[in-house]
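Residue numbers 29 to 292, in this note's numbering, belong to the letters of the sequence shown in order.
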Amino acid sequence: MDYQFLQLEQQQQVATVWINRAELHNAFNTTVIEELHHCFQQLNERHDIRVVVLAGRGKSFSAGADLNWMKQAGQASQADNEADALKLAKMLQSLATLKQPTIARVQGIAFGGGMGLASACDICVASTDAKFATSEVRLGLAPSTISPYVIRAIGARQASRYFLTAERITAEQALQIGLVHEVTTPELLDAKIDDMIQALLLGGPEAQAASKQLIQMVNQQSVDESLLLKTAQHIAHVRQGEEAKNGLNAFLNKHSPAWIKATA
């Protein structure tokens, strides 16, 4: 599919999804949302892609929602508003549930929905010039559709502050509150992401997909008999897979597992 506002690049087993609306700081409208959703769905079906990087062209990662688009939405009916917002919610879900590990490459602004995109990725690597914000309340809005991912990233206590104040969060502050995993200079941003990619390629793809499912299953659940059974069933299923058998055999016999050979 040819995209209007996205560029999809593949380098061996790594796909980079570039939001390409640099003149508007990669703000998204209905078309951007639909294209991202479609792109993530397609990548989820790809067996040749091991890692997905989400990035923004130009000075910013993403300024969130296009203000003209938001103004139009505000004038629409309740039903149309809900349908429009649901598209954004489902796009974020498609990113958050990708089977491949995902990395947000953040530089410049990541406001509103842009912060939501960064939070929905498994790993966030930010430049020292990055700034984050849930800026919705200053527009008389609420960070509704991004809230599950931002709260998962920074916790309810930190969200209580930033959802209400809409303060700008520096890269270092984002690192402290758990939104960002690594901070580096703009010149070393891609090198740091390459390091992260190399670490990810050492893991089994099926094991990584299972680990992502495990986090969603266990997060904020009570450690009771039901959860113990679910985790036991989960690892039992993973152990029986061919990838696990290959990985354990490779470890015991001191050679590389099949997925490492596949990356060469």
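From the three backbone atoms N, C-alpha and C, an ideal C-beta is built for every residue, glycine too.
Check                                                                                                                                           : Outcome
How close, in whole Å, do the beta carbons of serine 90 and phenylalanine 68 come, if the pair is a contact with beta carbons under 8 Å?        : With a Cβ gap of about 15 Å, serine 90 and phenylalanine 68 do not count as contacting.
Can you tell me which of Val251, Ser254, Ala238, Asn274 puts its alpha carbon nearest to the alpha carbon of histidine 265?                     : Ala238
State buried or exposed for alanine 93, treating a residue as buried only when at least 16 other CB atoms are found within 10 Å of its CB.      : buried
Between Gln40, Ala161, Met29, Val208, which lies nearest to leucine 229 when the distance is taken from Cα to Cα?                               : Gln40
I need the DSSP call for serine 155, collapsed to helix, strand or coil.                                                                        : strand
Does the distance from the C-beta atom of glutamine 135 to that of serine 155 stay below 8 Å?                                                   : yes
Relative to the C-alpha of asparagine 247, which residue among Met143, Gly144, Arg180 is closest?                                               : Arg180
Specify the secondary structure class of glutamine 41 as computed by DSSP and reduced to three states.                                          : coil
List the endpoints of the continuous alpha helix (DSSP H) containing leucine 114.                                                               : 106-124
Grouping DSSP H, G and I as helix and E and B as strand, with all else coil, what is serine 303?                                                : Residue 303 falls outside the range modelled here, since the chain spans only 29 to 292, and no answer is possible.
Can at least three beta-carbon pairs, one atom from the segment 157-173 and one from the segment 126-146, be found at a separation below 8 Å?   : yes
When you compare only the Cα positions, how much space is there between alanine 292 and alanine 286?                                            : Here alanine 292 scores only 41 on pLDDT, less than 50, and its place in the model should not be relied on; the value that follows carries that caveat. One C-alpha to the other measures close to 11 Å.
Please confirm whether any heavy atom of the ligand PLP lies closer than 7 Å to the CB of asparagine 54.                                        : Of ligands this structure carries none, so the ligand PLP is not represented either.
Taking the Cβ atom as the reference point for each residue, do lysine 159 and arginine 133 lie within a distance shorter than 8 Å?              : no
Taking the C-alpha atoms as reference points, what is the distance between glycine 275 and isoleucine 243?                                      : 21 Å
My output table needs one value for valine 134: the three-state DSSP class, helix, strand or coil.                                              : strand
My output table needs one value for glutamate 210: the three-state DSSP class, helix, strand or coil.                                           : strand
Taking the beta strand (DSSP E) that valine 80 falls in, what are its first and last residues?                                                  : 79-84
How should lysine 127 be labelled, buried or exposed, when 16 other C-beta atoms within 10 angstroms of its C-beta is the threshold for buried? : buried
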